[in-house]
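For the sequence shown, my numbering gives the first residue as 10, with consecutive numbering after it. Note that CB positions come from ideal geometry on N, CA and C, so glycine has one too. These numbers come from a predicted model, not from an experiment. Contents: one structure, followed by commentary.
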Amino acid sequence: NLDSSANITLDQTNLNLGTVNAQSEAKISVNARAYSPGKALLKITVTASTDSDNIKYVKTVPLEGVSLKVSVSPQFSLLSLPKKNKVNVTVTVENPTPIDSTDTKLFISVKTGDPSGFRVSNAIVELGTITTGTSKQVEVELEFTKEGDYEIAFSVNSTEFTEPSTAVFKAEVHSRPIAILDNYHPTWYTAPYLKNLTLFLNQSFDVYILNNSLSHEVLDAAHLLFIPRPDNAFSSDELTLLREFVANGGAI
């Protein structure tokens, strides 16, 4: 019996071992195949009759179905039309399974958002064969022409792995200039205490509340960065980003 959260099948479920002589053993082989990631519990029940008794023996064996793994970097980007409407996403496809993946394909589609506001040169990317224990990387340029919140799905399947593995890239696209309110480095003057400032900025900007450290993914699209008395130190990488931001016309 198979108690499974994954799509796993067995080639045999009932086997007759016949007579097993005393002090001997009988061996059988059951093949399990996983079609999607997930875990399963294989329950093996053996029943037998002897001259004097009936015997029942139960053993459980954990199984785990693994498939191709896909990841994207970055996972999020803030975009401003027309200042920054394109982003390059690196897609990594790994094969941790014991079999090669042939005729592997990457499919790119809009999961949420306006499909007419999204462009990609190739919606299907041929990856060929990914041998066991290896990976492949591709860089994909995404272009956005309409504002909104987008989720872009990167799905991979192959001849051997028909159930797709998927990673999601998120984009927040604005048509107005973007002002970033730093809510990460201050510990006192945080966003909840600056509602009036946010309302004031909203007259001319779309306000993005930053709850993480500075990165290209958010700063490259911004026009204004507001830092209300930072208490937490900026890292050397963040200071470099700030210098680049000002050199490219951004205001702090």
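Can you have a look at residue i and say buried or exposed, based on whether 16 or more other CB atoms are within 10 angstroms of its CB?
i	result
G74	buried
N211	exposed
E152	exposed
A230	buried
E181	buried
K36	exposed
I64	exposed
N94	buried
L88	buried
Y217	buried
Which residues in the same chain have their Cβ closer than 8 Å to the Cβ of residue i, if we skip the five residues on either side of it in sequence?
i	result
I133	K114, L115, F116, I117
D109	T138, I139, T140, T141, E169
Mapping DSSP to helix, strand and coil, what is residue i?
i	result
R128	strand
A193	Correcting the residue type first, residue 193 is Tyr in the shown sequence and not Ala. Here Y193 sits in coil by DSSP.
E169	coil
P239	coil
N205	helix
S245	helix
F163	strand
E253	helix
V227	helix
Spatial neighbours of residue i within its chain, please: CB distance less than 7 Å, with the 5 preceding and 5 following residues excluded, ordered by chain position.
i	result
V39	L19, D20, Q21
Hey, how far is the Cα of residue i from the Cα of residue j?
i	j	result
V79	L233	35 Å
K285	A260	Because the chain spans 10 through 261 in this model, residue 285 falls outside it and cannot be assessed.
T175	P91	29 Å
V177	G126	17 Å
I187	F85	16 Å
By Cβ distance, which residues of its chain are closer than 6 Å to residue i, with the 5 residues on each side in sequence left out?
i	result
K120	E160, A162
K155	D123, G126
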